[in-house]
Amino acid sequence: MNIPKNRKKTKEITIGKKKIGASNPVLVQSMIKSKFSQEVLLREEITQLINAGCEIIRIAVTDKNSIYCIKSLITDGFFDTVPIVADIQFDHKLALLALEAGVHCVRINPGNIGGTEKTCEIIKKAKEKNACIRIGVNSGSIDKAILRNSGKDSRQAMIDSTLEYVRFFENTGFYNFKISAKASSVTDSIYVYKSLSEKINYPLHLGITEAGSRFAGSIKSSVGLGVLLYEGIGDTIRVSLTDDSVNEVRAGYYILNSLNLRNYGVDIISCPTCGRTQADLKSIQASIEKITSNVTKHIKIAVMGCIVNGPGEAKEADIGLALGLNKAAIFLKGKVLKRVEIKDLLSEFENELNKLI
Ligand code: SF4
């Protein structure tokens with residue numbers, strides 16, 4: 482693992498069997514989209530997320546029935562290796578029940594949970610259960626009094642309220658917490674997280690909230706999270722997308738891999754195509770993405786569309802494909818392995834991939 486020299490060493494906290502902060506790798510998180518009423522889909526989604534490499538799973542707890550479902554998932558071993566975070570809004574009793582049921586973390590916004598006494602009850606239960614808490618401040622739900630005191634500057638209000646909650650948690654003697662302070666604006670998120678990183682040493686969970694579609698959301702998240710991670714800020718991340726949760730995980734690893742913060746899964750380099758392209762590179766690239774979607778080993782694959790630049794680029798990869806008219810060359814770690822018919826390319830590629838993993 483390539484930990485950048487400037488990575489901020491935050492305090493180490495524990496969530497289930499995982500550690501967050503300090504020199505631990507930046508972890509990829511996602512959130513369940515299935516409803517508790519769709520139990521088969523819900524279980525399938527969790528399995529897919531774990532297979533895709535999701536390292537922390539968050540789930541929205543809406544009522545008491547959610548707690549029963551979570552308890553049965555915990556009993557069935559779904560969260561033995563990947564910790565579960567219960568997302569609680571407003572109802573502190575649900576946080577207490579979720580902790581009692583065995584979740585590894587609750588995400589609360591102390592500003593909307595019903596006052597300091599109720600927050601204290603949650604902290605006490607988390608301590609008792611060795612669980613962690615994520616203090617989640619959101620630009621959309623800032624405490625009105627703090628907003629007034631911050632001169633109606635929502636960024637300052639997010640910083641002020643987060644610092645107030647941190648002091649409150651510290652005063653209770655509870656330190657096993659991380660912080661998120663998400664805004665849908667990329668620039669606001671960067672500003673708030675940078676400022677918090679200068680002022681406190683607790684792990685930060687990064688995200689751009691309500692980032693949008695797979696396309697827009699991935700770009701906004703890459704810009705926001707990329708700037709922060711490059712500066713050494715951030716201990717866990719989520720790419721929030723209006724899309725499948727598995728794609729949130731894939732996007733997360735693309736961001737971390739591109740900054741050399743993780744080496745997870747395949748890195749597919751493919752050319753943009755141009756007038757020289759003589760094969761259907763777009764569909765071949767899509768098939769390769771599908772074939773490799775659950776590969777966890779870090780493998781560099783190049784898919785190039787011609788014999789002009791293709792071979793040069795393809796040689797840099799663990800497996801390289803340079804496509805010509807009806808034929809393609811397969812490279813293995815820089816050396817031409819074989820030339821095959823385009824119609825046989827995917828099966829030949831899969832054979833070579835299986836040998837590597
Ligand atoms: Fe065009 Fe070849 Fe470059 Fe692809 S690798 S963009 S086909 S010149």
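Numbering (this note's numbering), first residue to last: 482 to 838. A virtual CB, placed ideally from N, CA and C, is assigned to each residue, including glycine.
Within the same chain, Cβ atoms closer than 7 Å to the Cβ of residue 746 are found at 534, 734, 776, 777, 779, the five residues on either side in sequence being excluded.
DSSP lists 784, 811 as the beta-bridge partner residues of residue 802.
In this structure, DSSP gives residue 619 an extended state, which the three-state scheme calls strand.
The beta carbon of residue 769 is closer than 7 Å to those of 749, 782, 784, 830 in its chain, skipping five residues each way along the sequence. The distance from the Cβ of residue 682 to that of residue 492 is about 5 Å, consistent with a contact at the 8 Å cut-off.
At a Cβ-Cβ threshold of 9 Å, residue 742 and residue 709 do not count as neighbours. Residue 666 carries a coil assignment under DSSP once its states are collapsed to helix, strand and coil. Closest in alpha carbon position to residue 623, among 556, 679, 663, 490, is 663. Within the chosen limit of 8 Å, the ligand SF4 reaches the beta carbon of residue 794 through at least one heavy atom. Residue 738 has its CB no nearer than 8 Å to any heavy atom of the ligand SF4. Contact residues of the ligand SF4 (beta-carbon closer than 7 Å to any heavy atom; chain order) are 752, 753, 754, 755, 757, 758, 785, 786, 787, 789, 790, 791, 794. Counting along the chain, the unbroken beta strand (DSSP E) around residue 818 starts and ends at 816–822. DSSP places residue 531 in no beta strand (DSSP E) but in the uninterrupted alpha helix (DSSP H) bounded by 520–532.
Between residue 815 and residue 797, the gap from beta carbon to beta carbon is short of 9 Å.
Judged by DSSP in its simplified three-state form, residue 490 adopts coil rather than helix or strand. Contact check for residue 661 against residue 588 passes: the beta carbons are separated by less than 9 Å. Within a 10 Å sphere around the beta-carbon of residue 723 sit fewer than 16 other beta-carbons, which makes this residue exposed.
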